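Notes for the one structure printed next.
There are 2 protein chains.
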Amino acid sequence: MNLVTIAIILGLVAVVYGFVTSRQVLGATAGNEKMQEIAAAIQEGAQAYLGRQYRTIAIVGVVAAIIVGLAISPISAVGFVIGAVLSGAAGFIGMNISVRANVRTAAAAQTGLQQGLTLAFRAGAITGMLVAGLALLAISGFFYYLVGVAGYAPNDRVVVTALTALALGASLVSIFARLGGGIFTKAADVGADLVGKVEAGIPEDDPRNPAVIADNVGDNVGDCAGMAADLFETYVVTVGATMVLTALLLKGLGDKLMAMMSLPLLIGGVCIVTSIIGTYFVRLGGGKNIMGAMYKGFLVTAVLSVPAIWWAISYALGDMNAAIGDQAYSGRILFYCCFLGLVITGLIIWITEYYTGTNYRPVRSIAKSSETGHGTNVIQGLAISMESTALPTLVICAGIIIAFKLAGLMGIAYAATAMLALAGMVVALDAYGPVTDNAGGIAEMAGLDDSVREKTDALDAVGNTTKAVTKGYAIGSAGLAALVLFAAYTTDLREFFPDLQISFSLENPYVIVGLLLGALLPYLFGAMGMTAVGRAAGEVVKDVRDQFKNNPGIMTYASKPDYARTVDLVTKAAIREMILPSLLPVLAPIVVYFVITAVAGQAEGFAALGALLLGVIVGGLFVAISMTSGGGAWDNAKKYIEDGNHGGKGSDAHKAAVTGDTVGDPYKDTAGPAVNPMIKITNIVALLLLAALASHAAG
Amino acid sequence: MNLVTIAIILGLVAVVYGFVTSRQVLGATAGNEKMQEIAAAIQEGAQAYLGRQYRTIAIVGVVAAIIVGLAISPISAVGFVIGAVLSGAAGFIGMNISVRANVRTAAAAQTGLQQGLTLAFRAGAITGMLVAGLALLAISGFFYYLVGVAGYAPNDRVVVTALTALALGASLVSIFARLGGGIFTKAADVGADLVGKVEAGIPEDDPRNPAVIADNVGDNVGDCAGMAADLFETYVVTVGATMVLTALLLKGLGDKLMAMMSLPLLIGGVCIVTSIIGTYFVRLGGGKNIMGAMYKGFLVTAVLSVPAIWWAISYALGDMNAAIGDQAYSGRILFYCCFLGLVITGLIIWITEYYTGTNYRPVRSIAKSSETGHGTNVIQGLAISMESTALPTLVICAGIIIAFKLAGLMGIAYAATAMLALAGMVVALDAYGPVTDNAGGIAEMAGLDDSVREKTDALDAVGNTTKAVTKGYAIGSAGLAALVLFAAYTTDLREFFPDLQISFSLENPYVIVGLLLGALLPYLFGAMGMTAVGRAAGEVVKDVRDQFKNNPGIMTYASKPDYARTVDLVTKAAIREMILPSLLPVLAPIVVYFVITAVAGQAEGFAALGALLLGVIVGGLFVAISMTSGGGAWDNAKKYIEDGNHGGKGSDAHKAAVTGDTVGDPYKDTAGPAVNPMIKITNIVALLLLAALASHAAG
C-alpha cells in the first residue's frame, strides 16, 4: 500500500503548490478601478456560465450514476461520481484562477514583459498542477479505498469495473465541458468579430461591442475550464487503463501485483514533482523569446522525468532486470517504454510547432495564399490541415510498433502513461493562453497605454501554438490509450463470455461495418459541433445588431452596451447545443451492439462493437489532428500578416486571413479537441456495457 | 463460351450506339463562324493537353508494363496494356465528342430548350455507352482470349492474375487522368475567377479573360475525359474482382464454373441494352424540369434492368433455385443481391441530390450562412460536407450486411456488379455536364442572345448535382468493391503462402498500424491535390495579370488575349503536379509491406498490408464523400443565391458564396473524386505484389 500512499502524497503536493501559488497570484495588484470593473464582469459571466453548465451536466450525471449503480454496482456509481466531481472541480478552480489572473497580468504587464509572463504562467501552472494532482488523487485515493479499506484484491473485478466507472465520470464531464465551452467561446468570438470587425468596423476587444465580455468569458470557460476537464479525463483514463490492463493481463504476479498496479500512479506522482520544478525555469533570458522560455520549462521537466521515472520503477519493482511474473519484459524494459512516451511527446510538440508556428513553411504558405483571396486562403489552409496528420500518424505508428516489440500491450500502456505524466506541465503551458488573451482584452477595454497591449499581444502570440500543442498531445496519447482500452475490451470479453466465438478479423464483414460506423462518429460529431457554433454565432450577431440599433448611444460611448444580455444568450445557446452531440458517443456503442446482435447474433454484435471502438480512433485521429493543427495554422497565418507581411493589417490579404481564422475557430476550439474525449467515452461505455451485460447474464 | 460471346456482342452494341449517335450529334449545325472559331480553340487546347497527358502516362505505363511482365508474366503485361489503352481511349473519344457537341448544343439552344437538352444529353450518352461498352469489351474479350483461344481453365492462376493486371492498367490511367484533368480544370477555373471576376471585375466566360479558353478546355479534360477514365476503371475493377473472387472461392463448381465466371459479364451486357433504352426517355415533359427528364431516363433503365438481370442469371445458370455448387445460395439469391445493388444506387443518388440540390436544407443552410460572411459560409459548408457522409455510410453498411447475409462475399460482389452495370446511364448523365457548361461559355463569348445563355444556364444547373451523383456512386461502389478485393487478397495469401500464420485480427498491433497508415493515404493524397491546384492556379493568376499588363488592348477589345499561352501553361503545370500524388497509392503498399516485414517478419508484413487496404477505404470513403458532396453543395449554394435569394448576384452574400464555391472546386473536382481510383489502385498493387512475391518464392 505504501506506493499508493506516496502517490497520494505527491498528488497533495500538487494541490498545495496550487494553493500557495494562487495566494501569490491573488496577492498581486489588480490594477485600477476600471480594469477591476471589467474583470468583474468577465468573472461574473464565467461563473454564471459554468454554474449553468454544471447544473445541466449534474442532471445527466445523476441519471448516468443511477444507471451505473443499477446496471453494475453501487461502488461503481461512487467511482463515477468521484470522477465527475473532481473533473468538474479541476475546471472550476482553474477557471476561477484564470478570471482573477487576467486583470493582474494586465496590471503586471504595465511593469514589464517578464512580470506579465511570470504572473500569467503561474496562473496557468496552478490549473496544470490541479489537473494532474486532482486526477492522481482521484484514482489513487479511490484505489486506496477499494484495496486498502474495503479489502478487495487489487485485480478483483469490482476494482477493475469501479476504476472504469471513475473514468466514465471524468469523460462525461469532459465531453460536455469541452463541447459546451467550445461552443460558447467560438460563438462569442465569431459573433463578436462578424458584427464588430466586419459590420461596425470597430477593432477587436472594443468596449462598445456588446459581445466583447462574452468573448472574454469564452476564453475562460472554453480554453481554460473545458481544456482542464479534457486533460483531467485523458489523465484518468490513461493511467486507469494501464492499471486495468495490468489487472487483466498479469494474472500470475502474486504479491508483485499490488506494486505493478500502483506503478502507474507512482510515475504520475514523481512527474508532478518534476513538473513543479520545471515551472520555475520559465523565464525570459536576455532576449524576448517567450516561446523559448516556455520550452525551457518543458525541457527541464522532461529531462528530470527520465531519472524520476527510473527511480519510480526501480523503487516499485526492486530489481530492474528481473522479468515481471512470467512476462518477457523487466522493469528496465518498461522504463524504455516510458522513455519512448517522453520522446513521442517531444516529437508531437515539435511537429505541432512546425505546423502552427509562424517561422515555418505551413503557416507562411497560408499567409502567402491569402494574397490571392479568401478562397485560396481556405484551400491552402485545408490542404495544410490534411497534410498535418501525416507526421503525427507516422510517429504514433512507430511508437506502437516499438512499444509493442519492447513489452507488448503493456509497453503501449506505459508509453501512454509516461506521456500523460507530463500533463501538469503541458496544461500549464496551455492554461497560460486564456489569461494573456483576457489580459489583452482588459488592457484594450480599460484604455491602458498601447505599450501594455503590445506586451500582452506578445505574450498571447505563443498561446496559439501552445494551445495546438496540448491538443496534439491529447489526441496522440488518445491513440495509444485507445489501443489499451481495446485490449481491455477484448480481454474482458473472453473473461465474461468465454463460450462466444468472436472474430475480430478484418475478414469478418461485421468488423468492417463496425470500423465504418466508428469512423463515421467523428465526422458526424464534428459536423454537429461546427453547425452548433454557426447557429449560436448567428444568434450573437442578431443580438449585437439589435443592441446597436436600439441603443445608438453605444457607438458614441454615451451609453454602455448590455454585456450581460449577450453573455446570457450565449450561455443558453451553448448549453442547448452541447447536449445532442455529447450523447452521440454515449449512445452509439449501445445502439450498434444491440442492432447488430439483433441482426446477426451476440458474437457479431461484440465484434462490430469492438471494431467501432477502433474505427472511432482510426477516423477520429485524422479529424482531430487536421482540425486542431489546421485551425492553429490559420490563426497564426493571420498573426503573421498582422506582423507586417503580405501587406499587413487592413490589406486584402489580411481580410482573407481573417476569413481563414474564422473558419479555423470552431475547427480548433470546438469540434477538433472534443474528438479526444469522444474517442475515450465510446471505449469506456463499451467496457461498462460488457460489465453490465455480464452481470445481467450472471444474475 | 457462348455467354462471353453474348457479352462481347452487347459490348459492341454500345460501341455501335456510340458511333451512330455521334454521327447524329456531329451532323447538327455547329453555329456561326465566331462560335466555331471559339470551339476550335477549345478543341485544340483539349487535344493538346490530352496528348501530352497520355504521352506522360505512356512513359509511366511502359515502365509499369515492363515491371509487370518481368515480375509476373508477359500475358499479365498484355492485360495491363489492354486496360490502360482502352481506359485512355474511352476518355479520349468522349472528350472528342464533348468538344464538338458543346458548340452544337449552343446552336441548338438557339432553337429551344428541348433541342439543347437532346443534343447535350446524346453527347453524354455517347461517352457513357463507350465507357461501359469498352470496359465490357476489355474484360470479356481478354477473358475470351485467355480461356477460349489460349486454352487456360477459367480459374487458372494465369487468368486471375492477368485480369488483375488488366484492372491495374485501367486504374493507373484513371488516377493520372482524374488527377491531371482535375488539377487542369480547377487551376484554370480558380485562376480565371481570381483575376477575372475578383480583380478585373469582368464576368465569367468573358472573352477578354486569357484563361477563359483554358477554363473551357478544363471542363472537357477533367469532367469528361478524367471522369470517363475513372468510371472505366471502376467498371473493370468491380466486374473483374467479382470474376476473380468466383475463381478463388468457388472451387468445386465443375462445368458450371465457366457460367459463373461469365455471369458478371452478361449482367453488364444486358444493362447496356437497358441503358440505351433509357437514354430515349430523357425528354422534357410539359414543364421545364430538366432534372426530372434525367431521372425519367435513369428510372426506366433501373426498372428495365430488374427483369434483364433476372434473365441473365437464369440464362446462365438454368435453374434459379438450385444451389450453386456447394454454396448456400442460388441464382435467385444472387438476383436479390443484384436488386440490392440497384436499390443502393438509387438511395445514393437520392441522398446526393438531397445534399447538393438547391431545394433542400443543406444547400439552403450554406446560402443562408453566406449572409454573415465568407467565414460562416465556409464553416457551414464544411459542416455539411462532414454531415453528408452519414447517410451514404449507413446505406453502405446496411448493404454489406444484407448482401453478406444473402450470399456471403459473393453477395457483396454481385451487389457491386449490379451497381456498376448501370454505369452507361450514370456516365451519360455526368458527361452531359461539361457539354452544357462549355455551351454556355461559347454562347457568352460569341455574344449570342441572352435567351440562349439562359437556356444553357438552365441545362448547366442540374450538372452540379449529376456530377456529384456520379462521384457518390463511384465511391459507394468502391466501398463494396474494396471488400471484394480484400477478400481476394486474403484468399490469395492463403493459397500462395499456406504456411504463414497471418492474423488480421484487430488485436494485432500491426493491423492497427496498417489501418492508420491506410487511413492516412487519402488525407495525404487530398492535401497534395489541393496544394497542386493552389500552386497551378497561382501560375495562371500571374500569367493573366501579365497579359493584362503588357497588352492593355485586351480590356478594350482592341486586341485578343493569347489563349494558347495560358492553356499551355496550365497543361505543363497539371502534368507536373499529377505525378507525385499518383505514385503515392502505387508505392505505399510496397513500402509498408517491406518495412513491416523487415521489422517484424513476413506474416506481420502481410497483416499490415491487408489492414492498409481496408484503412484506405475506411479513411477514403469519408474524405471522398465529404469532398464531393460538400463541393457540390457549395457550388449550388452560390447558384441558389444567383437565382435571386439572400440578395442575389453582386450582394455580400453572393461574394461569400463565391468564396465557398472556390473552396469547393478542388474539393469536388480534384482531390475528392481521385480518391476512388486511389483506393482501387492500392488494393490492386497489393494483389499483384502477392503474385510477384509468390512467383519469386516459387522460382
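Chain order of the listed sequences is A and B.
If you use the UniProt record's numbering, the first sequence corresponds to residues 1 to 699, in order.
If you use the UniProt record's numbering, the second sequence corresponds to residues 1 to 699, in order.
Quick reminder that beta carbons are idealized off the backbone N, C-alpha and C, glycines included.
Just so it is clear, the structure is predicted and the values come from calculations on it, not from any experiment.
So, is residue i buried or exposed, given that buried needs 16 or more other C-beta atoms within 10 angstroms?
i: B:Glu604; result: buried
i: A:Phe121; result: buried
i: B:Gly88; result: buried
i: B:Tyr235; result: buried
i: B:Glu37; result: exposed
i: B:Asn216; result: buried
i: B:Thr556; result: exposed
i: B:Asp696; result: A quick correction: the sequence has His, not Asp, at residue 696 of chain B. Exposed, since its Cβ has fewer than 16 Cβ neighbours within 10 Å.
i: B:Gln501; result: exposed
i: B:Glu642; result: buried
i: A:Pro522; result: buried
i: B:Val591; result: exposed
i: B:Asn289; result: exposed
Just verifying my parser: in three-state terms, what is the DSSP assignment at residue i?
i: A:Ser330; result: strand
i: A:Val586; result: helix
i: B:Thr127; result: helix
i: B:Leu621; result: helix
i: B:His654; result: helix
i: A:Glu204; result: coil
i: A:Ile82; result: helix
i: A:Asp543; result: helix
i: A:His646; result: coil
i: B:Met555; result: coil
i: B:Leu284; result: coil
i: B:Ile290; result: helix
i: A:Ile575; result: helix
i: A:Asp568; result: helix
i: A:Asp635; result: helix
i: B:Leu459; result: helix
Under the DSSP definition of a beta bridge, which residues are partnered with residue i?
i: B:Ala323; result: B:Ser330
i: A:Ser505; result: B:Ser505
Below 8 Å on the Cβ atoms is my guess for residue i versus residue j; work out the distance and round it to an integer in Å.
i: A:Gly191; j: A:Ala527; result: Actually they do not touch by this definition, with Cβ atoms about 20 Å apart.
i: B:Ser582; j: B:Phe176; result: 5 Å
i: A:Leu600; j: A:Tyr510; result: According to the sequence provided, residue 600 of chain A is Ala. The question's Leu does not apply to it. With 8 Å as the limit, A:Ala600 and A:Tyr510 qualify as a contact, their Cβ atoms being about 6 Å apart.
i: A:Val343; j: A:Ile412; result: Contact flag wrong, Cβ pair sits at about 14 Å.
i: B:Val131; j: B:Leu146; result: Wrong, their Cβ atoms sit about 23 Å apart, outside the cutoff.
i: A:Ala519; j: A:Val427; result: Not really, about 29 Å apart at Cβ, beyond 8 Å.
i: A:Gly278; j: A:Gly297; result: 5 Å
Leaving out five residues before and five after residue i in sequence, what residues of the same chain have Cβ atoms less than 7 Å from its Cβ?
i: B:Leu391; result: Ile351
i: B:Tyr667; result: Met627, Gly630, Gly631
i: A:Leu609; result: Gly514, Pro589, Val592, Tyr593, Ala686
i: B:Thr274; result: Thr301, Leu304, Ser305, Ala308
Starting from the C-beta of residue i, find all residues in its chain whose C-beta is less than 6 Å away, skip the five residues before and the five after it, and write them out in chain order.
i: A:Ala672; result: The displayed chain sequence assigns Gly, not Ala, to residue 672 of chain A. The residues are Ala624, Met627, Thr628.
i: A:Ser262; result: Leu3, Val4
i: B:Leu194; result: Val541
i: B:Ala691; result: Ile72, Thr161
Could you pull out every residue in the same chain whose Cβ sits closer than 8 Å to the Cβ of residue i, ignoring the five residues on either side in sequence?
i: A:Val378; result: Thr659, Gly660, Val663
i: B:Ile66; result: Ala77
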